[in-house]
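Notes follow the structure.
Residue numbers (my numbering), protein chains in the order written: chain U, 17 to 151; chain G, 10 to 485.
Structure, rendered in structure tokens:
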């Protein structure tokens, strides 16, 4: 006759299994705690898409456009947000292009290098520039 | 409405692919196994179909999807249940716990599953465009070029976009773009739902496959291990491609294990090998590491097969199917692998390979090996962000205290899976040796994700091969 299940395992086995299960539950609590502190929606991309919507309508449907932006810690994220908003245009982080997008979400428009001229200011720190030295 | 149709076609196509290769009448457990596989295979299939249409500049996505579905449905009905083969009965090895411990396990299982579900959804809502720049600047950006670029999708492969890795495979971006095309807009909900689908189908696949080989109690322990790995849940919601790749690696190992359950002297159902090969192909279509996994699997199969031939003399007739199985495995991966090769052909070269002299110099620098080895050892016990004790430490404790020492792998499929993971880790190691990036930086930002890709398979292999020591065994 089959012995009752409670006789099947040593105390050591039961202890290890208990520790294992308790650790899983504790790890779960930590996971929930982390997700609670993950904050609310931070859809910067949607906001960025809205900032660039007017510019996008004025650009050709494809091609390469230059880029100039702020030179602070958020310079790289700003660039990718611009690329994301303007895709399928390829945004090259260089001013050696006929058309250049200027992205200054936090600062005033700076003094641009000579040769660059503002074609249109779309507001919210978004400008379209042209490089007169490139033909 | 169109989106619902796209989801239905995707899921149904995935299910039909699984059922064509595995035509058996399902019982409850196998149904979960099949549906878990169907989610990944459906997403992989719709991604590949969408990409082929994009690459050939065809526009009628709905028509082609419907035709593909009709073709699969026709194939399924034509095949019928002629090739029907029930799975061999799994050994009766369910871990029968004392009733109080069993109840405690069920309660803990429910809590951890609910926590995983809650955290995943909460994280997905908190980071609708993915958590981390790779999600945004690589995967979703590629999806955007495939969606908005139309026939000019290749502009997205431009080397002028820094750090966008144009040589990366496109399973995830093409799958996202597929649903965006039906929806008509680039809704952030799509990549988030695809991420969650892969996360929970990986959990479902792990649970149902462990239940098949080891019973329900062990399956619950396995799912709890993976579902309470904070890094797995976070990455699943982050819209990176590591969890989808982990799904396909696990799927190939599970399918090879099921194939291995059939006695070698009987004709074995090759459908499982075909599905395993497809999973490997989809893995290669997900991330470059998946290409490495394909080679690791083939090499592992050859190693185990060759070893068996040398040390377990058999007749020529009985040995032949193993070689055939390896060939079928490889051939099944070829169609999707072909897409990867074509993409590699049209995209700029990746940034990992440098001039042979530079790579040789790095290969001959022992200090690099030492650094990588130290990171591997450290990450092994830190990986997963478990709290308060690392899951790998708990595995060691379970093995040394509660498991039988008869853990040594016996089945060829198990040995293949273990070698596959070892060779893949060795491949990752070699990539770090030659990396053009600063070594510490590269290790810091990628090693935990590389481990994550293999983690579900490690959990499966651990729980499917460990034998828990019973009271009777201990007393002997």
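Don't be surprised by glycine CBs; every beta carbon is placed ideally from N, CA and C. Quick caveat: nothing in here was measured; it's all calculated off a predicted structure.
message = Under 9 angstroms, Cβ to Cβ, is there at least one residue of chain U near residue 358 (chain G)?
response = no
| query | Between the Cα of residue 16 (chain G) and the Cα atoms of G:424, G:369, G:50 and G:374, which residue gives the shortest distance? | reply | G:50
(message) Helix, strand or coil, according to DSSP, for residue 141 (chain G) in the structure here?
(response) coil
* Between the stretch 104–116 of chain U and chain G, which residues of the former have a C-beta closer than 9 angstroms to a C-beta of the latter? -> 104, 105, 106, 107, 108, 109 and 110
Which runs of the beta strand (DSSP E) at least 3 residues long sit entirely within the stretch 403–475 of chain G? Give them in chain order. none
For this session: List the whole-angstrom C-beta distance separating residue 1 (chain G) from residue 28 (chain U), where the pair is believed to meet the contact cut-off of C-beta under 8 angstroms.
Result: No answer is possible for residue 1 (chain G): the residues shown for chain G start at 10 and end at 485.
Could you please tell me which residues of the stretch 385–412 of chain G, in chain order, have their CB closer than 7 angstroms to any CB of chain U? 395, 396, 397, 398, 403, 406, 407, 410 and 411
- Starting from the beta carbon of residue 78 (chain U), find every residue of chain G whose beta carbon is closer than 8 angstroms, and list them in chain order. 158, 161 and 164
query = How many Å lie between residue 128 (chain U) and residue 79 (chain U) at the Cα?
reply = 23 angstroms
Practice item. Put residue 176 (chain G) into one of helix, strand or coil per three-state DSSP. Key: coil
Where residue 249 (chain G) sits in the DSSP three-state scheme: coil
- Task: For residue 59 (chain U), go through chain G and note every residue whose CB falls closer than 9 angstroms to its CB, in chain order.
- Result: 136, 137, 138 and 197
I think residue 465 (chain G) touches residue 294 (chain G), with their Cβ atoms under 8 angstroms apart; what is that distance to the nearest whole Å? Not really, about 18 angstroms apart at Cβ, beyond 8 angstroms.
*Start-to-end residues for the alpha helix (DSSP H) that takes in residue 306 (chain G)*: 297–320
Contact set between residue 239 (chain G) and chain U, taken where Cβ atoms lie within less than 8 angstroms:
43, 46, 47 and 50
Check: What are the start and end residues of each continuous alpha helix (DSSP H) run of 4 or more residues lying completely inside the stretch 208–290 of chain G, in chain order?
Finding: 225–236, 239–246 and 251–269
**Message:** Which of the three DSSP states is assigned to residue 82 (chain U) in this structure?
**Reply:** strand
| field | Whole-angstrom C-beta distance between residue 412 (chain G) and residue 475 (chain G), which should lie under 8 angstroms | value | 5 angstroms
(Q) Can you tell me whether residue 74 (chain U) is helix, strand or coil according to DSSP? (A) helix
Next on the checklist: To the nearest angstrom, how far is the alpha carbon of residue 118 (chain G) from that of residue 230 (chain G)?
Outcome noted: 8 angstroms
Can residue 86 (chain U) and residue 120 (chain U) be called in contact, C-beta distance under 9 angstroms?
yes
Restricting to Cα atoms, I'd like to know which of G:208, G:377 and G:175 is closest to residue 242 (chain G). G:208
Notebook entry, point to check: What whole-angstrom Cβ distance do residue 147 (chain G) and residue 99 (chain U) have, given they're in contact under 8 angstroms?
Noted result: Residue 147 (chain G) to residue 99 (chain U), Cβ: 11 angstroms. No contact.
Q. Are the C-beta of residue 36 (chain U) and some C-beta of chain G separated by less than 9 angstroms?
A. yes
- Message: Along the chain, where does the beta strand (DSSP E) containing residue 108 (chain U) start, and where does it finish?
- Response: 106–108
_Counting only Cβ pairs nearer than 7 angstroms, list the residues of chain U close to residue 167 (chain G)._
106
CB-CB under 6 angstroms to residue 176 (chain G), same chain, minus the five flanking residues each way: which ones, in chain order? 356 and 359
Would you kindly report the start and end of the unbroken beta strand (DSSP E) that includes residue 139 (chain U)?
132–139
* Asked: So, using beta-carbon positions, are residue 522 (chain G) and residue 319 (chain G) closer together than 9 angstroms?
  -> Look at the range of chain G in this structure, 10 to 485, and you will see that residue 522 (chain G) is not part of it.
Can at least three beta-carbon pairs, one atom from the stretch 121–138 of chain G and one from the stretch 192–209 of chain G, be found at a separation below 8 angstroms? yes
Give a yes or no on contact between the stretch 52–66 of chain G and the stretch 213–233 of chain G, applying the rule of three or more CB pairs nearer than 8 angstroms.
no
- Query: Taking the C-alpha atoms as reference points, what is the distance between residue 251 (chain G) and residue 297 (chain G)?
  - Reply: 11 angstroms
Pairwise C-alpha distance: residue 88 (chain U) and residue 290 (chain G):
43 angstroms
Less than 9 angstroms between CB atoms is the rule here; does residue 473 (chain G) satisfy it with respect to chain U? no
Length of the line joining the Cα atoms of residue 327 (chain G) and residue 163 (chain G) | Residue placement at residue 327 (chain G) is flagged as unreliable, the pLDDT there being 49, under the threshold of 50; a coordinate-derived value is accordingly withheld.
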